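2 is the number of the first residue of the sequence shown in the numbering used here; add one for each residue after it.
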Amino acid sequence: ALAAGAAPPVATASASRLSAAPADDGSWTVYHGNPAGTGLAASVSAVDTGSRAWTSPALDGDIYGEPLAWSGRIYVATERDTVYALSSASGAVIWSEHVGTPVPSGLLPCGDIQPVVGITGTPVIDPARDEIFAVADELVNGQPAHILVGLSAASGKPEMSQDVDPPGASTAALLQRTGLALDGDHVLLGMGGNDGDCATYRGRVIAARVTGGTPTIFTVDAAPGESQGAIWMGGAAPAVDSSGNIWVSAGNGSVHSGSHAYDDSDSVLELSPSLHLLQYFAPGSWAANNAGDLDMSIEPALLPDGQVLLAGKSDIVYLLDGAHLGGIGGQEATLGPVCVSNIDGGFAAVGTTVYLPCLSGIVAVRASGSPAGLRLLWNSGTAGGPPIVAAGLIWSIGQNGVLYGLDPATGEVRQQASVGTPANHFPTPSVGDGLLLAPSARHVVAFTTTASGSAAAAGSASAPPTSPASQAPAASGGGPSPAAIGGIAAAALIVAGGAGWLLWRRRSGVR
């Protein structure tokens, strides 16, 4: 822990940069589609919400994570500790693997997942290994344990199993809520507490080898007598930049007075691949936020100009210099409150426009770099689940069980379809294998998508690609238009493919 107002650690010389998004090949192998979690499906030009392509059979438990897509199969996990592979053609079950006995909720000191807790975080797929990884909360010798499992993506055959609980921790007090991510040959995950922050726990970032072995662990609120500081992010996964550095936000900690040493809570943290703290940001109100349970609770948004956007339960948005996070009170700009309910979970981003998951409705914010600033574009008052971007629209699932496609320029509803009541506050759709996928409590609902460049797409109106740098704001002050989003998405893939200039910008501070 650092003393209040102390200078943050100095970042390494090889300053990290935005992850280069992989080619949009129709797969969706990690939470929100790429290592930076931007939720951008650039190759989709249309989504048919007029009718469902298919609805999966009822699964054996509630779905808390995001569906994944890989090699003709759709993957999803349940709170009954079961991983499913569904046919992308029909939704039929290809295989299922029950990896353990889920923990009865009554054995936990608090929480809101009922009646059992099993696999809560979104799994991750390693395409090179053709393996899917998930963390199961399961009973081992009558006690809760968090077990990282690796299964063959083709058959469901178990390939590895590794206990990832921190030594000496109260395992009943821990919840593995984040999505999983990959960083080289390691699986990344966050740990926090159950709903209610009961008992004693500490937030953790954990890196475990894909082949098993003792995990590496970073601990928030690590000083004697400290606790909490959950790494949960409303189910989003740790962001991994193309230097392999890891970005997470930490929730409220146990230190409630600014006269005490800072405890790494209520923050954005940049960690090295070996989980050493490189730098951090926390608002000047961190102690009061801790006292008020006002977590930083979204995945940090790594923007293409080297800035980082952060928000949380206070509904305040912070803009940071990614190369110099600045420690306590080091933000470049602040905006808000931008909505009237918690901002929790994964975001979606196109260029420097970020779409935030406020429970009262999706919010669009635009960041600028010279001078640094933030502008509220719109507050939709609709949907609210963590959004993604596809076919020029912002897609989000509401607590009413409706999938909405919002106009990126205005936030108005352009498409919608009922998908069924979700199991939790943070349901998020995905795109892959020619489908837009939406989870309900125990089903996956699929809608057909049209790929950009296909015969069907060729007949639809489109605009020529527009560089993010030259994209002019809409006359109304809103976000980019649906047609412009398609151009920005295409340009984003080109830029990400060979973006040496991004590293230079992060090092030099030029925007």
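Idealized CB from N, CA, C, for every residue including glycine. Keep in mind it's a predicted model, so treat the numbers as computed, not measured.
| Check | Outcome |
| --- | --- |
| If we count the other Cβ atoms within 10 Å of its Cβ and call it buried at 16 or more, is H147 buried or exposed? | buried |
| Which residue comes first and which comes last in the alpha helix (DSSP H) that contains N290? | 287-292 |
| Going along the chain, which unbroken runs of the alpha helix (DSSP H) with 4 or more residues stay wholly within the segment 352-436? | none |
| Pull up the distance between the alpha-carbon of L304 and that of T172, whole angstroms please. | 36 angstroms |
| Could you tell me which residues DSSP pairs with Q280 in its beta bridges? | E271 |
| Measure the alpha-carbon distance for V420 versus I120 and round it to whole angstroms. | 22 angstroms |
| Mind checking G501: buried by the 16 CB within 10 Å criterion, or exposed? | Annotation note: pLDDT 32 at G501 (below 50); position unreliable, no value reported. |
| Looking at the secondary structure, which residues open and close the beta strand (DSSP E) in which P159 lies? | 159-164 |
| So the beta strand (DSSP E) R74 belongs to, where does it begin and stop? | 74-78 |
| Looking only at its chain, what residues have a beta carbon closer than 8 angstroms to the beta carbon of S342, apart from the 5 residues adjacent to it on each side? | D316, C359, L360, S361, G385 |
| Give the secondary structure of T123 by DSSP, where H, G and I count as helix, E and B as strand, and everything else as coil. | coil |
| So who's on the other strand from D184, going by DSSP bridges? | H187 |
| Quick one: any contact between the segment 156-173 and the segment 263-275, if contact means 3 or more CB pairs under 8 angstroms? | no |
| Going by Cα to Cα distance, which pick from Y202, R367, R178 is closest to S298? | R178 |
| To the nearest angstrom, how far is it from the Cα of G370 to the Cα of A37? | 20 angstroms |
| When you compare each of E98, P103, T123 to F427 by their alpha carbons, which one comes out closest? | T123 |
| Under three-state DSSP, which class holds L108? | helix |
| Got a sec, what are the start and stop residues for the beta strand (DSSP E) E98 sits in? | 94-99 |
| I'd like to check one pair, V48 with V125: are the Cβ atoms closer than 8 angstroms? | no |
| Y85 bridges to which residues according to DSSP? | V77, S97 |
| Only counting the same chain, and skipping five residues up and downstream in sequence, which positions put a Cβ closer than 6 angstroms to that of A476? | With a pLDDT of 30 at A476, under the threshold of 50, the modelled position of this residue cannot be trusted; read the value that follows with caution. So the list is empty, once near-sequence residues are dropped. |
| Return the first residue and the last residue of the beta strand (DSSP E) that H147 is part of. | 144-153 |
| What are the boundary residues of the beta strand (DSSP E) that includes V445? | 445-452 |
| Below 8 angstroms on the Cβ atoms is my contact criterion, and I expect P388 with W396 to pass it. Report the Cβ-Cβ distance as a whole number of Å. | 6 angstroms |
| What's the C-alpha gap between P465 and G352? | In this prediction, P465 scores a pLDDT of 27, lower than 50, which makes its location untrustworthy; the coordinate-derived value is nonetheless stated afterwards. Distance between the alpha carbons of P465 and G352: 16 angstroms. |
| Quick one: residues in its chain with C-beta nearer than 6 angstroms to the C-beta of R81, no 5 flanking neighbours on either side, listed in chain order? | D61, G62, P103, G119 |
| Quick check: the Cα distance between V101 and L437, rounded to an integer number of angstroms? | Here residue 101 turns out to be Gly, not Val, going by the sequence shown. Roughly 30 angstroms between the two C-alpha positions. |
| Give the straight-line distance between the Cα atoms of M234 and P68, rounded to the nearest whole angstrom. | 18 angstroms |
| Suppose the cutoff is 7 angstroms on Cβ atoms and the five residues either side in sequence are ignored; what does the same chain contact list for Q115 look like? | S106 |
| Please report the distance separating the alpha-carbon of L404 from that of H261. | 45 angstroms |
| Using 8 angstroms for Cβ pairs, my map puts D294 next to G313. What's the rounded Cβ distance? | About 10 angstroms separates the two Cβ atoms, so there is no contact after all. |
| For F348, which residues does DSSP report across the bridge? | DSSP output for F348 lists no bridge partner at all. |
| Hey, Y281 and L310: beta-carbon distance below 8 angstroms or not? | no |
| Starting from Y319, follow its DSSP beta bridges and name the residues at the other end. | L311, T335 |
| For P372, count the other beta carbons within 10 Å of its own beta carbon; 16 or more makes it buried, fewer makes it exposed. Which is it? | exposed |
| Contact between the segment 217-228 and the segment 284-291 is defined here as three or more beta-carbon pairs at a separation below 8 angstroms; is this criterion met? | no |
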